[in-house]
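Residue numbers (our numbering), protein chains in the order written: chain A, 6 to 191; chain B, 304 to 499.
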């Protein structure tokens, strides 16, 4: 396979949905789940890719893009979302940027396999368990704490429909809106 | 070393339609001097992310130059942005690093590596095609017109004398107009000035 070429056949469906909804830039840092999307955008004739070195950059860059009239989508893993706390607070929340945020969800499968309820209060013992990835336990609770509306895509949910809902939802609310992708992208 | 006034006055003289993003100790003096509709202070915002915000505007508006008057402490917080700007081919972006070795607006505390970090070398090593370092006001003023025309991304490392700018609190007590309004209002004002 050509290095850097799209690695799945289903990325084009996502790309068509993004361009049809007016997204201009994908800003973020890839993980194993989002890598096919990043690869595909890197070769796209219209969508622009901004790969960052640390996820906090992505939220400030996306804010600048929005100020300049572009329509970005931030794509980060939930670990990177946690890293981005002050960037999110001081840019997209402080300014009120209608930013869709795609958060790929590391650790959700392990959390389900360990029969952990995402709604349960995370104790120090739970966060230290070897069979639980603590980032999944803290993702939705952190979004709640930050006051960021979110939806979770899992199981049989259609990921492309969920991304479109997040884009339109952020615009309608005129606020950031996160989509936690707790399953594979298409 | 330059004073902040020696850094800002030539930029004010030669500035035409560039967007100017300010942070930290440059924000108040630039606001007093300029008052341009394309000014934006990354103040009361996210620590160290003024350069990222400037990069985003530059990518959205490739026809227009974007200048970020960044603090040295702020630049250190997001050094990775240098690589991001190069990767994104932000040819219209100019970072000016105001190197006074201090967190001036919070009380002149020393920053990490004060006086020993070569920001111009960092930019050069990251792949910036246009890099400059100035310790002398006259050399800077003479070079600035060409710097503003050169394809970037560009980084200007300006060695500054420490000043005495105190904390900035957005609101009516500030004399620079862009610091009297909220960050959100300021962002929407800049969008309007850009025709968004």
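Quick reminder that beta carbons are idealized off the backbone N, C-alpha and C, glycines included.
On a predicted model such as this, the values are computed, not experimentally measured, just so you know.
Runs of alpha helix (DSSP H) lying entirely within the stretch 110-169 of chain A, each at least 4 residues, in chain order:
Runs found: 113-118, 129-133, 139-151.
Give me the residue from 459/B, 483/B, 429/B with the minimum Cα distance to residue 436/B. One-based indexing of the second chain puts residue 436/B at position 133. Residue 459/B holds the alpha-carbon nearest to the alpha-carbon of residue 436/B among 459/B, 483/B, 429/B.
- Message: For residue 579/B, list the residues DSSP reports as bridge partners.
- Response: Outside the displayed span of chain B (304 to 499) sits residue 579/B, for which this structure offers no information.
Top-ranked residue by Cα proximity to residue 185/A, from 54/A, 164/A, 157/A, 167/A:
For this step, residue 185/A is matched to residue 180 along the first chain. Ranking 54/A, 164/A, 157/A, 167/A by Cα distance to residue 185/A puts 157/A first.
Query raised in the report: Under a Cβ-count criterion, where at least 16 other Cβ atoms within 10 Å of its own Cβ denotes burial, should residue 8/A be classed as buried or exposed?
Result: Residue 8/A sits at position 3 when you count from the first residue of the first chain. Note that residue 8/A has pLDDT 38, beneath the 50 cutoff, so the model's placement of it is unreliable and the number below is only indicative. It counts as exposed.
- Beta bridge counterpart(s) of residue 461/B as assigned by DSSP: On the second chain, residue 461/B is found 158 positions in, with the first residue counted as 1. By DSSP's assignment, residue 461/B forms a beta bridge with 401/B, 437/B.
Endpoints, alpha helix (DSSP H) assigned at residue 307/B = Taking the first residue of the second chain as 1, we reach residue 307/B at position 4. Residue 307/B: member of the alpha helix (DSSP H) spanning 307-317, first to last residue.
Contacting positions in the stretch 340-367 of chain B - beta carbon closer than 9 Å to chain A = In summary, the residues of the stretch 340-367 of chain B whose CB is separated from some CB of chain A by less than 9 Å are 343, 345, 347, 348, 349, 350, 351, 352, 353, 354, 355, 356, 357, 358, 359, 360, 361, 362, 363, 364, 367, in the order they occur in the chain.
* Same chain, Cβ closer than 7 Å to residue 425/B, neighbours up to 5 away in sequence not counted -> Here residue 425/B refers to the residue found at position 122 when the second chain is read from its first residue. The residues are 382, 385.
Within 8 Å of any Cβ in chain A, is that where the Cβ of residue 473/B sits? To locate residue 473/B, count along the second chain from 1; it is residue 170. No, residue 473/B does not count as interfacial toward chain A.
| Three-state secondary structure (DSSP) of residue 29/A | Residue mapping note: residue 29/A aligns to position 24 of the first chain, counting from 1. Residue 29/A falls in the coil class under three-state DSSP.
* How do the stretch 111-118 of chain A and the stretch 305-321 of chain B stand: do at least 3 beta-carbon pairs fall below 8 Å, yes or no? -> Of all C-beta pairs linking the stretch 111-118 of chain A to the stretch 305-321 of chain B, fewer than three are shorter than 8 Å, placing the two stretches out of contact.
| query | Would residue 499/B count as contacting chain A if we go by Cβ distances under 8 Å? | reply | Taking the second chain and counting its residues from 1, one reaches residue 499/B at position 196. Output row for residue 499/B: interface = yes.
Put residue 1/A into one of helix, strand or coil per three-state DSSP.
Outside the displayed range of chain A (6 to 191) lies residue 1/A, so it cannot be described from this structure.
Is any beta-carbon of chain B found at less than 8 Å from that of residue 59/A?
For this step, residue 59/A is matched to residue 54 along the first chain. For residue 59/A, the answer is yes, since a Cβ of chain B falls inside 8 Å of its Cβ.
Could one say the Cβ of residue 381/B lies closer than 8 Å to chain A's Cβ atoms, at least one of them?
The residue given as residue 381/B occupies position 78 in the second chain. Yes - at least one Cβ of chain A is within 8 Å of the one on residue 381/B.
Helix, strand or coil for residue 9/A? Go by DSSP, reduced to three states. For this step, residue 9/A is matched to residue 4 along the first chain. Below a pLDDT of 50, predicted positions are generally treated as unreliable, and residue 9/A, at 40, falls in that range; the measurement from the model is reported next regardless. Residue state, collapsed to three classes: coil.
How many angstroms separate the CA atom of residue 58/A from the CA atom of residue 449/B? The count along the first chain starts at 1 and reaches residue 58/A at position 53. The count along the second chain starts at 1 and reaches residue 449/B at position 146. Answer to the nearest angstrom: the Cα atoms are 30 Å apart.
Note to self: Within a Cβ cutoff of 8 Å, which residues of the same chain sit near residue 19/A, ignoring the five residues on either side of it in sequence?
What the structure shows: What you label residue 19/A is simply residue 14 of the first chain in a count that begins at 1. Excluding sequence neighbours, residue 19/A sits near 42, 45, 164, 165, 168, 190, 191.
Quick one: grab the DSSP three-state call for residue 183/A.
Here residue 183/A refers to the residue found at position 178 of the first chain. Residue 183/A: strand per DSSP, three-state reduction.
Checklist line | Neighbouring residues, chain A, relative to residue 487/B (Cβ below 8 Å) | finding: Taking the second chain and counting its residues from 1, one reaches residue 487/B at position 184. Residues of chain A passing the Cβ test: 99, 100, 101.
Practice task
Report yes if the C-beta distance between residue 447/B and residue 332/B is below 8 Å; otherwise report no.
Solution key: Taking the second chain and counting its residues from 1, one reaches residue 447/B at position 144. Taking the second chain and counting its residues from 1, one reaches residue 332/B at position 29. In this structure, residue 332/B does not lie closer than 8 Å to residue 447/B by Cβ.
### Best match in 141/A, 143/A, 102/A, 142/A for proximity to residue 75/A [C-alpha to C-alpha]
The residue given as residue 75/A occupies position 70 in the first chain. Among 141/A, 143/A, 102/A, 142/A, the Cα nearest to that of residue 75/A is on 102/A.
**Item:** Closer than 8 Å to chain A by CB, residue 319/B
**Value:** One-based indexing of the second chain puts residue 319/B at position 16. No - not a single Cβ of chain A is within 8 Å of the one on residue 319/B.
*Answer with buried or exposed for residue 11/A, where buried requires no fewer than 16 other C-beta atoms within 10 angstroms of its C-beta.*
Position 6 of the first chain, counting from 1, holds the residue named residue 11/A. Because residue 11/A sits at a pLDDT of 42, beneath the cut-off of 50, its placement in the model cannot be relied upon, and the point is left open.
### Message
Could you check whether the Cβ of residue 33/A sits closer than 8 Å to any Cβ belonging to chain B?
### Response
Counting from 1 along the first chain, the entry for residue 33/A is found at position 28. Any Cβ of chain B closer than 8 Å to the Cβ of residue 33/A would place that residue at the interface, and such an atom is absent.
When we look at the beta-carbon of residue 62/A and count the other beta-carbons within 10 Å, is it buried (16 or more) or exposed?
In the first chain, residue 62/A corresponds to position 57, counting from 1. Counting other Cβ atoms within 10 Å of its Cβ, residue 62/A reaches 16 or more and is therefore classed as buried.
Worksheet entry | Same chain only: Cβ atoms within 7 Å of residue 148/A, ignoring 5 sequence neighbours per side | Reading the first chain from its first residue, position 143 is the one you call residue 148/A. Cβ neighbours of residue 148/A beyond the five flanking positions: 155, 183.
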